[in-house]
Amino acid sequence: MRSPVSALAPLLAASLLCLSGTALSSAEHLPTSQPGIAAEAPVPGSVEGDLNAAVDLLLRGEVEEAVAVVRPHLPRDARAVNLLFDAGTTMLGSAQATHPSQAAAREALLDASITIFRAILAERPDLVRVRLELARAFFLRGRDGLARRHFELALAANPPAPVVANINLHLAEMRARRRWSGHFGMALAPDTNIGAASASETVLLDVFGQRLPFTLDDGGEKSGVGLALWAGGERQEPLAPNWRLRLGGDIFLRDYSGSRFDRMGLGGHVGPRWLIGPRTEASLLLAARRDWQAGDPTSRSLGFRLEASRRLSPRLSGRFHASLTEKRNDDSTHLDGPGTDLSASLSWAATPILQTDFRAGWGRERPEAEDLHSRTRWVSLGASAALPRGFNVSGTLTGRWAGYQGPGRPPTNVLDGMPREDVTRSIRLTVLKRDLTIRGFSPQLSVTHERRGSNAQQADYRRTGAEISFVRQF
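Using the numbering used here, you'd call the opening residue of the sequence shown number 10 and step up by one each time.
Now the structure itself:
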C-alpha cells in the first residue's frame with residue numbers, strides 16, 4: 010500500500026518539476042543562485058543534481074531523505090527553499106482536503122509538511138511565510154502550544170492586516186478549544202554548590218560575654234551531579250462560553266544519589282478561568298503544595314493565585330501574577346506564616362527571530378519569628394535569538410534584593426545587630442538545537458552562575474550549575 014505522501018505523486022510532479030522560483034513572497038528577499046558560491050562553500054553534489062534527486066525522493070514519499078539532500082543548499086540557493094516549500098504546502102493542502110475518516114493519512118501528511126517547514130526554518134529562521142505555514146500545520150495537527158508560538162512570532166514581522174486578522178482568528182480558536190495540556194522534562198544537573206552554602210565553614214557566636222569561632226559540621230560547599238525530573242498536566246472543563254474550570258497538578262524531583270539535598274515537590278490547583286476578551290484572560294486558583302527534602306516532609310502551603318495576561322499589540326504581551334499563601338513547616342515552625350508575591354512581565358518580539366522580555370517582582374514573608382520578616386524585590390532581563398543551523402541562544406540577567414526586619418538567628422545572623430540584607434545576582438545562558446528532535450524533544454544545554462552577598466554569616470555563596478535536558482520546542 011502506498012504511503013499518503015507518495016500518493017500525491019501526480020500533484021507533486023506538477024508542482025515540483027515546474028519550479029517558478031516565486032513560491033515565496035518577494036518580500037522574503039531570498040538569495041539567488043550565483044556562480045562561484047559552490048566554489049567558496051563546497052556542498053555535496055551540484056545544486057541541480059541534488060534538487061532533481063530530492064524531487065525523485067519526494068515522489069516516492071521519502072520526505073526525510075529528500076530534506077537531507079536539499080538542506081545544504083538552503084542557506085544560499087532560493088531554488089532549494091522553493092522546492093521544499095512547494096512540497097510542504099502541497100502536502101499541507103492535501104491534508105486539509107483529506108476526509109476526517111482518513112485520520113491516519115491526514116496526520117502523515119501534516120507530519121511530513123512539518124518536517125519540511127522545520128528544515129527550512131532551521132537554516133532560514135527569517136522566512137515569515139514558512140513560519141506561518143508551519144504554524145498552520147501545527148494548528149491542524151492539534152499541537153496548539155507550538156502553533157501559538159509560531160503564529161505569535163510571525164506577528165512580529167508586521168504582516169498585512171488580513172494576515173494579522175487570520176492569525177488572531179487561529180489564536181482565538183486555540184484558546185477557546187484548549188482542554189488538556191501537559192509538560193514533561195528530564196535533565197542531568199551538575200552543580201558546584203548544591204546546597205547554596207557559604208564557602209566559610211565557621212561562624213562566630215557570643216558565648217559567656219565572648220565572641221568565639223565555631224566550625225559547622227555541615228558547613229562548606231558541596232558539589233554533585235543530580236537528576237532532575239518535572240512533569241504536570243491540566244484539564245480545562247467548559248462552564249460557559251467564556252468560562253473554564255482549571256484542574257491540574259505538577260511534580261518536581263531533584264536527586265543527588267542519597268544526598269540530604271534531595272528535593273521533591275508536589276502541587277495542585279483548581280479554579281475558574283475567564284476569557285475576558287479576544288486578547289485578555291484571567292484565572293483565580295486555589296493552590297496547594299507539599300515539599301520534601303532528603304525523603305522527609307518539610308513544609309506544606311495553601312493559598313490563592315491570580316493569573317492574568319493580555320496581548321497589548323502584535324509584538325507586545327503582558328502578564329501579571331499575584332499569590333497569597335499560608336505556609337506551615339514540619340520542623341522549623343518559627344518559619345510558619347503568610348507570604349505574598351506580586352510579579353509582572355512584558356514580552357516583546359523585536360523580530361520573528363529575536364525576542365526580549367522584562368520581568369519585575371515584589372514579595373513579602375511574615376513568619377512567626379519577627380526578625381525574619383522580609384521584603385524582596387527582583388528584576389530580570391532576557392533575550393532569545395533563533396540562528397541558522399537550527400540553533401537558539403538565549404540569556405537572562407537577574408538581580409534580587411532582600412531586606413529583613415532583624416539580624417536573623419544564630420548561626421546565620423548579623424553580628425552587629427543590624428537588619429540582614431542580601432543581594433543576589435545571576436546569569437543564565439542557554440543553547441537549544443531546535444531542529445534535532447527525538448520523539449518531539451530537542452536537546453538543550455543551560456549554564457547558570459549565581460552569587461549572593463550578605464551582611465549575615467553563612468548567607469553568602471557562589472554556585473555554578475548546568476542542565477543537559479530535552480525540551481519540547483520548535
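Ideal Cβ placement from N, Cα and C applies to all residues, glycine included.
- Query: Based on the DSSP output, what are the partners of G58 in its beta bridges?
  - Reply: For this step, residue 58 is matched to residue 49 along the sequence shown. DSSP, once it has assigned bridges, lists no residue as partnering G58.
- Message: Judging by CA-CA distance, which residue of S103, H330, L162 is the nearest neighbour of W514?
- Response: Residue 514 lies beyond the stretch modelled for the chain, which goes from 10 to 483, so this question has no answer here.
- What do you get for H38, buried or exposed, if any count of 16 or more other CB atoms within 10 angstroms of its CB means buried? Mapped onto the sequence shown, residue 38 falls at position 29. Residue confidence is low: H38 scores 39 on pLDDT, short of 50, so the model does not pin down where it sits. Its coordinate-derived value is still stated next. Exposed: under 16 other Cβ atoms inside 10 Å.
- Is the region 265 to 274 touching the region 195 to 213, taking contact as three or more C-beta pairs under 8 angstroms? Here the region 265 to 274 makes contact with the region 195 to 213; the two share three or more CB pairs at distances below 8 angstroms.
- If you measure from the CB of D444, is any heavy atom of the ligand FAD nearer than 7 angstroms? Absence of the ligand FAD is noted for the structure shown, with no ligands found whatsoever.
- Can you pull the DSSP bridge partners for G462? Within the sequence shown, the letter at position 453 stands for residue 462. Answer is V432, bridged to G462.
- Between the region 123 to 133 and the region 85 to 96, do at least 3 Cβ pairs fall closer than 8 angstroms? yes
- Query: When the Cα of R244 is compared with those of L238, G277, K231, which residue comes out closest?
  - Reply: Within the sequence shown, numbered from 1, the residue matching residue 244 stands at position 235. With distances taken between Cα atoms, R244 lies closest to G277.
- Query: Does any residue of chain D bring its CB to less than 8 angstroms from the CB of A303?
  - Reply: Among the protein chains of the structure shown there is no chain D, as only one such chain exists.
- Give the straight-line distance between the Cα atoms of E476 and R145, rounded to the nearest whole angstrom. Taking the sequence shown and counting its residues from 1, the one referred to as residue 476 is at position 467. Taking the sequence shown and counting its residues from 1, the one referred to as residue 145 is at position 136. For E476 and R145, the distance between alpha carbons rounds to 32 angstroms.
- Among D65, R472, P416, nearest to R437 - alpha-carbon criterion: Along the sequence shown, one-based indexing puts residue 437 at 428. That would be R472, whose Cα lies nearest to the Cα of R437.
- Under the assumption that G312 contacts E335 (Cβ atoms under 8 angstroms), give the Cβ distance between them as a whole number of angstroms. Walking along the sequence shown from the start, residue 312 turns up at place 303. Walking along the sequence shown from the start, residue 335 turns up at place 326. Rounded, the Cβ-Cβ distance is 6 angstroms, consistent with contact.
- Item | Simplified DSSP assignment, three categories, for E246 | On the sequence shown, residue 246 is found 237 positions in, with the first residue counted as 1. Correct three-state label for E246: strand.
- For the alpha helix (DSSP H) holding M183, just list the boundary residues, first then last. Within the sequence shown, residue 183 is the residue found at index 174, counting from 1. In the DSSP annotation of this structure, the continuous segment of the alpha helix (DSSP H) that includes M183 starts and ends at 170 to 186.
- Query: What whole-angstrom Cβ distance do A378 and A353 have, given they're in contact under 8 angstroms?
  - Reply: In the sequence shown, the residue the question calls residue 378 occupies position 369. In the sequence shown, the residue the question calls residue 353 occupies position 344. Rounded, the Cβ-Cβ distance is 30 angstroms, inconsistent with contact.
- Query: Under three-state DSSP, which class holds I285?
  - Reply: What you label residue 285 is simply residue 276 of the sequence shown in a count that begins at 1. Correct three-state label for I285: strand.
- Give the DSSP-derived three-state secondary structure of G280 in the structure shown. Within the sequence shown, numbered from 1, the residue matching residue 280 stands at position 271. It is a strand residue.
- Task: Determine, using beta carbons only, whether T439 and R409 come nearer to each other than 8 angstroms.
- Result: In the sequence shown, residue 439 corresponds to position 430, counting from 1. In the sequence shown, residue 409 corresponds to position 400, counting from 1. No, they are not a contact pair.
- Message: For the region 179 to 193 against the region 144 to 159, do three or more pairs of beta-carbon atoms, one drawn from each stretch, fall closer than 8 angstroms, so that the two count as touching?
- Response: yes
- Query: For Q111, does the three-state DSSP call read helix, strand or coil?
  - Reply: Translated into the one-based positions of the sequence shown, residue 111 becomes position 102. Q111 falls in the coil class under three-state DSSP.
- Message: I'd like the list of long-range same chain contacts for L333, defined as Cβ closer than 6 angstroms, with 5 residues on each side in sequence excluded.
- Response: Here the question's residue 333 lines up with position 324 in the sequence shown. Correct list, in chain order: G312, F313, T349.
- Query: Out of curiosity, what's the CA-to-CA distance linking G233 and G474?
  - Reply: Residue mapping note: residue 233 aligns to position 224 of the sequence shown, counting from 1. Residue mapping note: residue 474 aligns to position 465 of the sequence shown, counting from 1. Straight-line Cα distance between these residues: approximately 10 angstroms.
- Nearest to G274 (by Cα), restricted to the options P306, D431, E74: Within the sequence shown, numbered from 1, the residue matching residue 274 stands at position 265. Closest by alpha carbon: P306.
- Hey, could you find the ends of the beta strand (DSSP E) L164 is sitting in? If you number the sequence shown from 1, residue 164 lands on position 155. Not the beta strand (DSSP E): L164 falls in the alpha helix (DSSP H), residues 153 to 164.
- Task: Select from R319, R328, R460, D215 the residue whose C-alpha is nearest the C-alpha of P419.
- Result: For the purposes of this step, residue 419 is identified with residue 410 of the sequence shown, where counting begins at 1. Of all alpha-carbon atoms in R319, R328, R460, D215, the one lying nearest the alpha-carbon of P419 is that of D215.
- Message: If you measure between the beta carbons of S389 and L406, is that distance less than 8 angstroms?
- Response: Indexing the sequence shown from 1 puts residue 389 at position 380. Indexing the sequence shown from 1 puts residue 406 at position 397. Against a cut-off of 8 angstroms, the Cβ pair of L406 and S389 comes out as a contact.
- Message: Quick check: what's the CA-CA separation for W252 versus A317?
- Response: The residue given as residue 252 occupies position 243 in the sequence shown. The residue given as residue 317 occupies position 308 in the sequence shown. Between W252 and A317, the C-alpha separation is close to 14 angstroms.
- Item | Contact set for L164: own chain, Cβ-Cβ below 8 angstroms, skip 5 residues either direction | Numbered from its first residue, the sequence shown carries residue 164 at position 155. V173, I176, P323, R324, A358.
- Three-state secondary structure assigned by DSSP to H382: Residue 382 sits at position 373 when you count from the first residue of the sequence shown. It is coil, neither helix nor strand.
- Message: Starting from N91, trace the alpha helix (DSSP H) in both directions and tell me its first and last residue.
- Response: The count along the sequence shown starts at 1 and reaches residue 91 at position 82. In the DSSP annotation of this structure, the continuous segment of the alpha helix (DSSP H) that includes N91 starts and ends at 87 to 106.
- Query: So is T224 buried or exposed if we call it buried at 16+ other beta carbons inside 10 Å?
  - Reply: Against the sequence shown, residue 224 aligns to sequence position 215. Exposed: under 16 other Cβ atoms inside 10 Å.
- Message: By DSSP's criteria, M195 is part of a beta bridge. Which residues make up the other side?
- Response: Taking the first residue of the sequence shown as position 1, residue 195 is located at position 186. Answer is L238, F479, bridged to M195.
- Message: Applying the 10 Å Cβ sphere with the 16-neighbour rule, what's the burial state of Q111?
- Response: In the sequence shown, residue 111 corresponds to position 102, counting from 1. By the 10 Å Cβ count, Q111 comes out exposed.
- Output the distance between the C-alpha atoms of V56 and E459, rounded to the nearest integer angstrom. In the sequence shown, the residue the question calls residue 56 occupies position 47. In the sequence shown, the residue the question calls residue 459 occupies position 450. About 49 angstroms.
- Message: Would D380 and Q414 be called neighbours here (beta carbons separated by less than 8 angstroms)?
- Response: Reading the sequence shown from its first residue, position 371 is the one you call residue 380. Reading the sequence shown from its first residue, position 405 is the one you call residue 414. Contact flag set, yes.
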